[in-house]
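Numbering (mature numbering (1 follows the signal peptide of the UniProt record, and there is no 0)), first residue to last: -20 to -1, 1 to 293.
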């Protein structure tokens, strides 16, 4: 009887009036990740534009690439996004938003997988072992759910050569047995490339151009080359870059005091203290900015905002 129940529920789901009633019941019996896959690109876009400050390139690129990828019912390769920029600019925040708006159970979904090198791959001497484990882990999870999301944080701390084990899962021409790997999403997060991004933004400012005039095309090749040639990057001399398997390099620009103060205001509102202009001013003024001449960009972005708010409240 139990063996036939999922099939019976699928039949009932084909009837629209019954769909809402039986969806949760079917998902309780089914291992299919489709039950938890509830993407909302509109909500993702709204979240990006409302809560990510000073990152017009990241907002546009992530919205466009995710929307285009999800509209394609049969993509020829997975979506691979590589986030680059200095600390506190919103890279991890955006990756969290992505998970939150793809799955019904948000970032707690069993189909969102996060890796941190210092936790999962702490020893450079064990790269060969890690390669086998990572390959097996990714393949197993893709077999269970083609719509899996894999987030690799702190890529600058990733042991050299490890991430290239993913190459067979990222290209359009490879075949992975019994695995539909082309619907997956990969996100690499790194501070590698921040110097190149910082330099271009500073040159733009000194030339008197508006920040929003910076285009993605101004930074794509610059970031790619910087990451590829950076010995501290997890993508150093990577075959993933050589084979052009990264869909987009997403630059996160250094934040100005205005952006930091917007972060302060947003967090104060979450605490119910939107009108504390004194705290906004105090936190903004207490940040460290560079370069020495001009003090244009926050050295920590919005990363230390929460702690400083608590101090000044």
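Glycine included, each C-beta is placed from N, C-alpha and C at the ideal position.
Owing to the predicted nature of the structure, the values given are computational and were not obtained by experimental measurement.
Chain C within 9 Å of residue i, Cβ atoms only
{"i": "residue 58", "result": "Checking the listed chains, one finds no chain C in this structure; it contains a single protein chain."}
Buried versus exposed, by CB contacts within 10 Å (16 or more), residue i
{"i": "residue 13", "result": "buried"}
{"i": "residue 258", "result": "exposed"}
{"i": "residue 288", "result": "buried"}
{"i": "residue 50", "result": "buried"}
{"i": "residue 162", "result": "buried"}
{"i": "residue 120", "result": "exposed"}
{"i": "residue 281", "result": "buried"}
{"i": "residue -19", "result": "Low confidence applies to residue -19: its pLDDT is 41, below 50, so where it sits in the model is not reliable, and the reading given next is rough at best. By the 10 Å Cβ count, residue -19 comes out exposed."}
{"i": "residue 222", "result": "exposed"}
{"i": "residue 16", "result": "buried"}
{"i": "residue 109", "result": "exposed"}
{"i": "residue 127", "result": "buried"}
{"i": "residue -7", "result": "Bear in mind that the predicted position of residue -7 carries a pLDDT of just 43, short of 50, making it too unreliable to give a figure here."}
Residue range of the unbroken alpha helix (DSSP H) whose run includes residue i
{"i": "residue 139", "result": "Taken as a continuous stretch (DSSP letters only), residue 139 belongs to no alpha helix (DSSP H), as it is neither H nor E."}
{"i": "residue 116", "result": "107 to 124"}
{"i": "residue 208", "result": "196 to 208"}
{"i": "residue 178", "result": "174 to 186"}
{"i": "residue 39", "result": "36 to 51"}
{"i": "residue 149", "result": "147 to 150"}
{"i": "residue 250", "result": "237 to 250"}
{"i": "residue 96", "result": "Residue 96 -> no alpha helix (DSSP H), and no H or E assigned at all."}
Residue nearest to residue i in terms of C-alpha spacing, selected from the options
{"i": "residue 42", "options": "225, 196, 262", "result": "196"}
{"i": "residue 207", "options": "189, 168, 190", "result": "168"}
{"i": "residue 238", "options": "145, 126, 25, 265", "result": "265"}
{"i": "residue 81", "options": "46, 192, 114", "result": "46"}
{"i": "residue 246", "options": "175, 285, 126, 52", "result": "285"}
{"i": "residue 84", "options": "98, 20, 104, 36", "result": "20"}
{"i": "residue 93", "options": "18, 241, 117", "result": "117"}
{"i": "residue 277", "options": "292, 250, 232", "result": "232"}
{"i": "residue 273", "options": "182, 205, 194", "result": "182"}
Contact belief for residue i with residue j at Cβ below 8 Å, rounded distance in angstroms
{"i": "residue 70", "j": "residue 38", "result": "7 Å"}
{"i": "residue 243", "j": "residue 33", "result": "6 Å"}
{"i": "residue 178", "j": "residue 234", "result": "5 Å"}
{"i": "residue 135", "j": "residue 214", "result": "4 Å"}
{"i": "residue 101", "j": "residue 139", "result": "6 Å"}
Start-to-end residues for the beta strand (DSSP E) that takes in residue i
{"i": "residue 59", "result": "59 to 65"}
{"i": "residue 228", "result": "228 to 232"}
{"i": "residue 103", "result": "Looking at the DSSP string, residue 103 is not in any beta strand (DSSP E), and its letter there is neither H nor E."}
{"i": "residue 170", "result": "165 to 170"}
{"i": "residue 130", "result": "129 to 132"}
heavy atom of the ligand SAH below 8 Å from residue i C-beta
{"i": "residue 282", "result": "Within the structure as shown, the ligand SAH is missing, as the structure has no ligands at all."}
Discussion item. Between the segment 48 to 62 and the segment 215 to 229, can you find at least three pairs of beta-carbon atoms closer than 8 Å?
Written reply: yes
Worksheet item: Can at least three beta-carbon pairs, one atom from the segment 76 to 84 and one from the segment 127 to 137, be found at a separation below 8 Å?
Response: yes
Worksheet item: So does the segment 136 to 147 actually touch the segment 209 to 221, counting three or more Cβ pairs closer than 8 Å?
Response: yes
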